[in-house]
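First the structure, in the form of structure tokens, and then the observations on it.
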Amino acid sequence: MDIPSFTFDIGAMKRSARKPEEGFLYDLLILGGGPAAMSATIYAARKMMKIAVLTKDFGGQMGYTSEIENYMGFQSISGRELTARFRDHIMQFDVPVHEGEKVIRLAADGEVYRVVMEYGSEYRGKAVIIATGKRDRHLNVPGEAELTGRGVAYCATCDAPFFRDKKVVVVGGGNSALTAAIDLLKVNASVVLLNFAEGWQADEIMLNNARQYGDKLSLLDMHQVLEIRGDRKVEAVRLLDRRSNGEKEIAVDGVFVEIGLLPNSDIIDEGLVRLSPLKEVVIDCGARTSREFIYGAGDVTTVPYKQIIISAGEGAKAALSAYEDLTKKGLI
């Protein structure tokens, strides 16, 4: 059977990836396209397993990071460049990839597992690695949904250049919020960094880097966004001062929401694997879940410290555990 292919760019290079074959029983289906999924792909491919990668896109949260300074071998590299390098690596193995559609369901189908894609394609595997990562957490306040894409944003790497010389609120107090603030300060935006909690959870080095921009940066902790206002675009935010209980409104051109992430575990049939109270996939030290031949890797799991290097390591463990377990049962 001829399997169709499609072409994509990696820097100046072009590579062709086979699409997976519906109806074929794969040894392993890898769900996701972030560092955990890509690392799992490399390790599984090196074991000569019959695998397929199913993902909306490659990179995950890593792809939206403007500058990475804590990945071994690179003093500094952009998230997009590191994604391209990872992707180039997995394409060396001629792995079948279904890219461009979301995975919407993972279910048990007798002795195998079935994965359903956004537009109806279905794939079957003896084992599955869930490496679907996390997605942006929203404020869920009036005006947010209506003004998303019209001043409300979730990716400073993508959208900071549109706010050159503008006034912007960045909501959050961790490293992702500080990274967004610095991206905006670099394009000469005036930034109000707003945190619900007292103080700041970001690394001190990040705070020091941001403070170098002087009066272009304002820090407001113990403040809550009550509403984002605007007609056709963001014009203001209404805030609650949690110390005084007083409300105020400030005029701004944009709002960047950086308040954390939610695990993409809602694709999993209820009861299929154990989830934590935060809906993360519970795994052991070998990346095994509560269900035989289902594994978890990366930010979607209960592994602490959501870092690129940790996700990559967890993806490798998941692939090796899958290979070991399938081999012991004589399934490959």
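Here numbering that gives the first Met the number 0 is used: the sequence shown runs in plain steps of one and ends on residue 331. Note that beta-carbon positions come from the ideal geometry of N, C-alpha and C, so glycine has one too.
From which residue to which residue does the beta strand (DSSP E) around residue i run?
i      : result
His97  : Val96 to Glu98
Ile129 : Glu121 to Ile129
Ala51  : Ile50 to Thr54
Any heavy atom of the ligand ADP inside 8 Å of the beta-carbon of residue i?
i     : result
Ala51 : Among the components modelled here there is no ligand, and therefore nothing to report on the ligand ADP.
Quick one: grab the DSSP three-state call for residue i.
i      : result
Val114 : strand
Gln211 : coil
Ile331 : coil
Val256 : strand
Arg104 : strand
Tyr304 : coil
Ala16  : strand
Ala201 : coil
Leu325 : helix
His88  : helix
Asp34  : According to the sequence as given, residue 34 is Pro; it is not Asp. In the structure shown, Pro34 sits in a helix (DSSP, three-state: H, G or I).
Asp240 : strand
Thr6   : Annotation note: pLDDT 34 at Thr6 (below 50); position unreliable, no value reported.
Ala83  : helix
Ser65  : coil
Val299 : helix
Thr178 : helix
Arg45  : helix
Leu183 : helix
Ala11  : Caution applies to Ala11, whose pLDDT of 34 falls short of 50 and renders its modelled position unreliable; the value that the coordinates give is listed next. Note: Ala11 maps to coil in three-state DSSP.
Ala311 : helix
Just to confirm before moving on: does the CB-CB distance between residue i and residue j stay below 9 Å?
i      : j      : result
Ile249 : Leu238 : yes
Leu260 : Arg136 : yes
Gly172 : Ala201 : yes
Gly99  : Gln60  : no
Val168 : Leu192 : yes
Thr300 : Pro262 : yes
Arg17  : Val94  : yes
Gly332 : Arg104 : The structure shown does not extend to residue 332, since the chain spans only 0 to 331, so no value can be given for it.
Val114 : Val96  : no
Gln306 : Asn139 : no
Ile267 : Leu274 : yes
Gly253 : Lys165 : yes
Val170 : Ile258 : yes
Leu81  : Phe73  : yes
Ile89  : Val52  : yes
Val251 : Val236 : yes
Under a Cβ-count criterion, where at least 16 other Cβ atoms within 10 Å of its own Cβ denotes burial, should residue i be classed as buried or exposed?
i      : result
Leu330 : exposed
Thr131 : buried
Asn244 : exposed
Leu24  : exposed
Phe292 : buried
Ile29  : buried
Ala106 : exposed
Thr40  : buried
Phe162 : buried
Lys232 : exposed
Asp283 : exposed
Leu219 : exposed
Thr54  : buried
Lys332 : Since the first and last residues shown for the chain are 0 and 331, residue 332 lies out of range.
Lys316 : buried
Ala188 : buried
Asp26  : buried
Ala311 : buried
Ser75  : exposed
Ser125 : Note that residue 125 corresponds to Lys in the displayed sequence, not to Ser. Answer is buried; the Cβ neighbour count reaches 16.
Arg123 : buried
Tyr335 : A question about residue 335 goes unanswered here, because the residues of the chain that appear run from 0 up to 331.
Tyr304 : exposed
Run through the DSSP bridge pairs and tell me what residue i is partnered with.
i      : result
Ser189 : Lys166
Leu24  : Arg123
Tyr294 : Ile128 and Arg287
Gln60  : Paired residue(s): none; Gln60 is not in a bridge.
Ser217 : Val191
Ala235 : Arg228 and Ala250
Asp265 : None, per the DSSP bridge assignment.
Asp135 : Leu260
Val151 : Thr147 and Val254
Gln223 : Leu239
Phe73  : Tyr70
Ile29  : Val52 and Ile128
Considering residue i, what are the terminal residues of the alpha helix (DSSP H) in which it resides?
i      : result
Ala155 : Ala155 to Asp158
Glu279 : Neither: Glu279 is in no alpha helix (DSSP H) and is coded neither H nor E.
Ala144 : Glu143 to Leu146
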